[in-house]
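Peer 1:
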Amino acid sequence: MASAGTSAFSRFLNSPVGPKTIHFWAPAMKWGLVIAGLGDLARPADQISVKQQLSLAATGLIWTRWSLIITPKNYSLATVNFFVGCTAAYQLARVAMGKDSGSEKTVVQEKSA
20 MASAGTSAFS
30 RFLNSPVGPK
40 TIHFWAPAMK
50 WGLVIAGLGD
60 LARPADQISV
70 KQQLSLAATG
80 LIWTRWSLII
90 TPKNYSLATV
100 NFFVGCTAAY
110 QLARVAMGKD
120 SGSEKTVVQE
130 KSA
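If you read the sequence shown in the working numbering, its first letter stands for residue 20, the second for the next number, and so on.
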């Protein structure tokens, strides 16, 4: 247990996953990928790169698991990678649904003509 004179901030600052280590800064910077993925929600589904989203989804899921196995466990890395995988999976679902809805529009247009 920490000594009575050690503040919570001091314990955080000097922890194995604190801001003095890469274990803190890598996940903090990786939130940019999540923000970019959320920004892509405004982009039409036909302009989304399937290969890029597949790689983001795969790495997000793989690194989520890995960050819970390593020592010290890095929960902030697990969280950001989980959200990277989720946003990529959602984008892939948009692409898949967009392709399906595109074929339905063609059928509807052919019937109305």
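Think of the CB as a built atom: it goes at the ideal place given N, C-alpha and C, for glycine as much as any other residue.
According to DSSP, simplified to helix, strand and coil, what is Ser29?
Peer 2: Looking at Ser29 - three-state DSSP - the assignment turns out to be helix.
Peer 1: Leaving out the 5 sequence neighbours to the left and right, which residues in its chain are closer than 8 Å to Ser86 when beta-carbon positions are compared?
Peer 2: So the list reads Lys92, Asn93, Tyr94, Leu96, Ala97, Asn100, once near-sequence residues are dropped.
Peer 1: Which of the three DSSP states is assigned to Ser95 in this structure?
Peer 2: Ser95: helix per DSSP, three-state reduction.
Peer 1: Under a three-way DSSP split, which group does Lys39 fall into?
Peer 2: Reduced to three states, the DSSP call for Lys39 is coil.
Peer 1: Can you give me the start and stop residues for the alpha helix (DSSP H) that Ile88 sits inside?
Peer 2: It spans 69 to 88 - the alpha helix (DSSP H) in which Ile88 sits, taken as one unbroken run.
Peer 1: Taking only the alpha-carbon atoms, compute the straight-line gap between Leu60 and Ala112 and give it to the nearest angstrom.
Peer 2: So the alpha carbons of these two residues sit roughly 12 Å apart.
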